[in-house]
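For the sequence shown, the working numbering gives the first residue as 388, with consecutive numbering after it.
Have a look at the structure below, then the notes.
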Amino acid sequence: MTKAELVAAIADQAGLTKDQAKKALDAFTDSVVGALKKGDDVRLVGFGTFLAVKREAGTARNPRTGETVQRPASVTARFRVGEGLKGALNG
């Protein structure tokens, strides 16, 4: 599902215009990004949790050339699936 398809689905299910749905989706994603940048988790009960995870610097290998390269430390995002979503997918 693309962002445009998600906006259309939100608009249809919530009775909003596509413009309103896009603004709501953008506000949601901006809020999640802002919270993760501050180091906060975003918990949506029954859906899941967005987490900011720190990755240590280390070495990696270029699979094409076999060359070993240094990977800098970074912060990435993870999503932990909640029980409600897990149940909906497997039920």
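Glycine included, C-beta positions come from ideal geometry on N, C-alpha and C.
Is it true that the CB of residue j sits closer than 9 Å to the CB of residue i?
| i | j | result |
| --- | --- | --- |
| phenylalanine 374 | glycine 471 | Absent from the model: residue 374. The displayed extent of the chain is 388 to 478, so no value can be given. |
| valine 462 | valine 440 | yes |
| arginine 458 | alanine 444 | yes |
| leucine 438 | alanine 414 | no |
| leucine 412 | valine 394 | yes |
| arginine 479 | alanine 460 | The chain is shown from 388 up to 478; residue 479 falls before or after that span and cannot be answered. |
| lysine 405 | alanine 398 | yes |
Quick check on this structure: which residue in the options has the alpha carbon closest to the alpha carbon of residue i?
| i | options | result |
| --- | --- | --- |
| alanine 447 | Thr463, Thr455 and Lys441 | Thr455 |
| phenylalanine 466 | Leu476, Arg458, Arg430 and Lys409 | Arg430 |
| valine 468 | Thr436, Asp399 and Asp406 | Thr436 |
Can you name the start and end residues of the beta strand (DSSP E) that residue i belongs to?
| i | result |
| --- | --- |
| alanine 464 | 461-468 |
Just to confirm the assignment, what range does the alpha helix (DSSP H) spanning residue i have?
| i | result |
| --- | --- |
| leucine 393 | 390-401 |
Problem - beta strand (DSSP E) runs wholly inside the stretch 419-455, at least 3 long, in chain order - result: 429-431, 435-442 and 445-448
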